[in-house]
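In what follows, a structure is listed as structure tokens, so that the remarks can point back to it.
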């Protein structure tokens with residue numbers, strides 16, 4: 012409760028008075044309005060503010076100056092004192108009832124507040140529990156993130172180590188593949204060298220009781236080759252590469268030396284030249300039946316046989332007249348105008364890789380030429396990762412390609428630089444041209 016004069020709280024122990032005006036009903040400290048219990052009856056008392064509002068009356072009844080009782084004032088009579096006591100008691104009762112009502116209202120409000128506070132406390136407890144759970148989950152998440160960060164760092168270190176190891180292994184693999192290619196080439200050369208004294212006889216009919224030594228001796232007599240007893244080291248038939256072929260199995264004869272083999276092949280060629288209309292056939296060997304031509308050649312390794320077969324097909328498609336084998340190497344010549352003494356003996360096809368012919372019309376020349384595509388396995392990714400410029404990578408490619416070509420291509424006696432590609436000139440017309448992403452075309456210039 013607030014005093015209408017001083018605007019201070021009126022405590023329970025302080026004297027107070029209430030304005031009887033129904034439109035006001037304000038409470039005042041008795042001291043603030045100079046209220047005397049012996050004066051006007053409490054139930055009819057009107058506050059100074061309401062009195063001041065009444066018209067045609069003075070405004071002397073204000074709380075500004077406290078009223079001082081005069082010394083000569085005569086005390087009221089006993090009857091007026093009793094009346095004042097009764098009014099005071101009524102005021103006390105009225106105040107008590109007001110206080111009880113207010114206390115009851117406050118009690119109800121307090122009960123509602125307690126209920127709301129209990130609910131709020133329950134909600135706060137629930138929020139605290141959730142917060143504790145979230146805190147635990149957050150701690151677990153922090154631990155997980157810490158573990159993941161450590162694992163990520165370890166994985167990065169491991170990846171770096173693995174990348175370094177992969178780079179090292181790729182470099183080693185590149186080196187091993189290069190060495191493997193060289194070893195494979197050497198094996199092919201050794202396979203051919205192991206056959207350097209052998210001749211291969213094709214299309215000789217098979218008989219159950221045949222004597223291959225007698226057949227070969229008869230063949231030597233026919234071609235007028237003087238055969239000594241110790242010239243023949245071994246002889247046998249070999250299995251067919253194509254099992255469905257109806258041709259008889261080939262006869263392989265191993266002579267005592269490559270010179271003997273070359274002399275025997277020369278005798279066969281001379282015989283066929285002299286008897287162009289009746290070349291060496293089964294009738295010359297005393298074999299009855301149909302007359303079938305007998306073919307005699309150097310004994311090639313399986314790789315060279317495939318290369319020889321492909322070369323014959325390509326030469327036929329490109330209108331080359333001659334394809335022949337000499338010393339385990341395959342040659343072709345376009346026509347009779349290009350003689351070996353004058354122009355190097357034709358075009359050599361001796362790159363022992365996957366072979367296919369490719370004509371490069373943008374590099375046509377007036378010289379004899381044959382183009383061959385060779386596939387070279389090069390891991391460009393490793394090369395480009397280790398080499399900064401493209402020119403350097405091309406140099407690496409040529410450094411690997413040139414030894415292969417030079418190893419299998421003999422130089423002309425009259426033209427020492429007659430290679431398929433020159434080391435100084437990279438891609439001149441008539442020499443070499445890129446054909447695809449995995450191979451290069453190579454041709455021999457015969458001018």
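In this note's numbering, the protein residues as written are 12 to 458.
Ideal placement from N, C-alpha and C gives every residue a C-beta, glycine not left out.
Remember, predicted model here, so these are calculated numbers, not experimental data.
Distance, residue j Cα to residue i Cα
i, j, result
"residue 99", "residue 63", "25 Å"
"residue 84", "residue 33", "Low confidence applies to residue 84: its pLDDT is 49, below 50, so where it sits in the model is not reliable enough to give any reading."
"residue 27", "residue 40", "5 Å"
"residue 46", "residue 126", "43 Å"
"residue 293", "residue 186", "52 Å"
"residue 52", "residue 104", "15 Å"
"residue 247", "residue 330", "36 Å"
"residue 253", "residue 285", "33 Å"
"residue 258", "residue 214", "6 Å"
"residue 163", "residue 183", "29 Å"
"residue 408", "residue 175", "24 Å"
"residue 218", "residue 299", "12 Å"
"residue 178", "residue 313", "37 Å"
"residue 403", "residue 276", "48 Å"
"residue 136", "residue 117", "27 Å"
"residue 328", "residue 341", "17 Å"
"residue 150", "residue 161", "16 Å"
"residue 267", "residue 274", "12 Å"
"residue 128", "residue 97", "44 Å"
"residue 155", "residue 148", "10 Å"
"residue 142", "residue 168", "38 Å"
"residue 289", "residue 241", "30 Å"
"residue 324", "residue 181", "39 Å"
"residue 326", "residue 229", "34 Å"
"residue 381", "residue 322", "Because the pLDDT of residue 381 is 48, which lies under 50, any placement of that residue in the model is unreliable, and the number read from its coordinates should be weighed accordingly. Distance between the alpha carbons of residue 381 and residue 322 is about 10 Å."
"residue 54", "residue 106", "12 Å"
"residue 283", "residue 199", "31 Å"
"residue 158", "residue 133", "37 Å"
"residue 245", "residue 208", "11 Å"
"residue 271", "residue 303", "26 Å"
"residue 119", "residue 24", "24 Å"
"residue 78", "residue 114", "Residue placement at residue 78 is flagged as unreliable, the pLDDT there being 46, under the threshold of 50; the coordinate-derived value follows with that caveat. Between residue 78 and residue 114, the C-alpha separation is close to 34 Å."
"residue 138", "residue 101", "53 Å"
"residue 280", "residue 397", "54 Å"
"residue 424", "residue 195", "At residue 424, the pLDDT of 43 sits below 50, so the modelled position is not reliable and the matter cannot be decided from this model."
"residue 231", "residue 297", "13 Å"
CB-CB length for residue i against residue j, believed under 8 Å
i, j, result
"residue 264", "residue 243", "6 Å"
"residue 305", "residue 291", "5 Å"
"residue 30", "residue 37", "5 Å"
"residue 44", "residue 58", "7 Å"
"residue 235", "residue 287", "The Cβ separation is near 16 Å, so there is no contact."
"residue 223", "residue 262", "6 Å"
Residue span of the beta strand (DSSP E) that contains residue i, given as start and end
i, result
"residue 332", "Taken as a continuous stretch (DSSP letters only), residue 332 belongs to no beta strand (DSSP E), as it is neither H nor E."
"residue 340", "340-344"
"residue 266", "262-266"
"residue 243", "243-248"
"residue 29", "27-29"
"residue 213", "209-213"
"residue 309", "306-309"
"residue 40", "38-40"
Beta-carbon proximity list for residue i, same chain, < 8 Å, skipping 5 on both sides
i, result
"residue 347", "332"
"residue 311", "203, 206, 211, 319, 336 and 339"
"residue 189", "411"
"residue 122", "none"
"residue 56", "28, 29, 30, 31 and 46"
"residue 308", "210, 211, 213, 276 and 336"
"residue 17", "40 and 43"
"residue 221", "none"
is_contact[residue i, chain B] using C-beta, thresh 8 Å
i, result
"residue 412", "Looking for chain B here will not work: only one protein chain is present."
Extent of the continuous alpha helix (DSSP H) to which residue i belongs
i, result
"residue 291", "Unbroken run through residue 291: none, as it is neither H nor E."
"residue 229", "223-233"
"residue 64", "59-64"
Cβ neighbours of residue i in the same chain (closer than 7 Å, five flanking residues each side left out)
i, result
"residue 251", "260"
"residue 22", "none"
"residue 295", "233"
"residue 14", "21, 38, 39, 40 and 43"
Any non-hydrogen atom of the ligand GTP closer than 7 Å to residue i Cβ
i, result
"residue 307", "As far as ligands go, the structure on display features none, and thus does not contain the ligand GTP."
- Message: As an exercise, report each continuous beta strand (DSSP E) stretch of at least 3 residues that is fully enclosed by the stretch 130-156, in chain order.
- Response: none
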